[in-house]
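For what it's worth, our numbering labels the leading residue of the sequence shown as 53, then goes sequentially.
Just so you know, even glycine gets a beta-carbon here, dropped at the ideal spot from N, CA and C.
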Amino acid sequence: MQVLVVQWIERLTPNELIQVRLPARTQMIMNIESSEENFTLKKTPHRQLAYVESFKKFVSTHPHLILSFKKIEKEIESKVKENGVFVNGTFEEKDYKITAIDSTGSSEGQSGPLNAYFKVQAGGEIFFVKRIPGYFKQGRGVSEFASMQRAKELLKDLDNVEVVDFQFGYQDKKDATYFVSKWEEGELLEKYLERLLPTTSSKAGNTEISLIADHEYERIRKIRNEIIKKLFVEFKDVSAHNMIYCLNTKKVIVFDIHKRCVEE
């Protein structure tokens, strides 16, 4: 009976798998303490799935979302295979808008792997989707989900610091991987620091504007260094290019970092 159950589970799509309640011996549920919500992990011999409860509810009220994404993903893959170049632009399917973006978040750029990232607009929400492994092909969907949860725990005492609002992770033995988070509006922290440098007093002279830039540069640099200090022991590739600065909230958001010991 157990074998039949597992075989049935393995045939489910991610959309179906997120909705089903697995028998106790084929799943592990993590009830991690959080002021927000619990995280659930489901494992079978060939696949892993992790999500927050709010994302499961969102998918259940938008039953065509994953199928629509897969349809557009397949269309883009076909064009990439045919032409070998980035496919830019926004695709619409039912009530959803899916934009192919590059590694900088631009819908017109060509930085990073071919069509590995997407901006998905659905039901008043905006999500970021990554469909490639993280750091040097390590840290696939569920592993990145777990890494973000751990980073959130380590950074919880730092003011004006958050990790990306992770929602969903998926990976399987066929090398498919997806990581989903809420979309964050902002600027890469390293780019923001670079913009500040020309107006600091050492570059622009001792003016009121340059002194303000001095203060901002040192404030942001201090936050960056505190983040690196907290994460360096356990995580790879922790630097300003894995952080976003949100001008509206004045917060630094950490993303795309991976634990040094990754379980695949």
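Put simply, the backbone Cα of Arg192 is about 38 Å away from that of His267. About 14 Å separates the CB atoms of Ile275 and Val215; that is not less than 8 Å, and the two are not in contact.
A distance below 7 Å between beta-carbons, with the five flanking residues on each side excluded, links Asn140 to the following residues of its chain, in chain order: Ala152, Ser159, Glu160. Here the alpha carbons of Glu145 and Phe138 stand approximately 20 Å from one another.
Check the Cα spacing between Leu248 and each of Glu260, Ala265, Pro185: the tightest is with Ala265. Segment contact: the region 194-206 against the region 283-292, three or more CB-CB distances shorter than 8 Å; contact assigned. Fully contained in the region 144-176 are the following beta strand (DSSP E) runs of length 3 or more, in chain order: 148-153, 169-174.
For Ala228, the secondary structure class from DSSP, reduced to helix, strand or coil, is coil. For Phe110, the closest alpha carbon among the candidates Ala174, Phe218, Glu196 is that of Ala174. For Leu207, the enclosing alpha helix (DSSP H) starts and ends at 193-207.
In the three-state reduction of the DSSP assignment, His116 falls in the coil class. In this structure, Ser155 is the residue among Thr259, Ser155, Asp211, Leu245 with its C-alpha nearest to the C-alpha of Ile184. In the structure shown, the three-state DSSP call for Val132 is helix. Of the candidates Ser199, Gly157, Leu166, the residue whose Cα lies closest to the Cα of Phe179 is Gly157. Residue pairing by DSSP puts Leu240 in a beta bridge opposite Ile296. In this structure, DSSP gives Ser291 a state outside helix and strand, which the three-state scheme calls coil. With contacts defined as CB atoms closer than 8 Å, Tyr269 and Leu245 qualify as a contacting pair. Around Ile128, the same chain offers Val139, Phe143, Ala152, Asn167 as residues with beta carbons nearer than 8 Å, after the five sequence neighbours per side are excluded. A Cβ-Cβ distance of about 7 Å is found for the pair Ile296 and Glu239, placing them in contact under the 8 Å criterion.
A straight line joining the alpha-carbon of Tyr169 with that of Pro250 spans about 32 Å. Comparing C-alpha distances from Ile305 to each of Ile261, Asn294, Lys149 shows the shortest one belongs to Asn294. Shown here for Val194: same chain residues with a beta carbon closer than 8 Å to its own, the five before and five after excluded, namely Leu93, Gln100, Leu101, Ala102, Gly221, Tyr222, Gln223 in chain order. Where Glu268 is concerned, the enclosing alpha helix (DSSP H) starts and stops at 260-283. Counting along the chain, the unbroken beta strand (DSSP E) around Thr92 starts and ends at 91-95.
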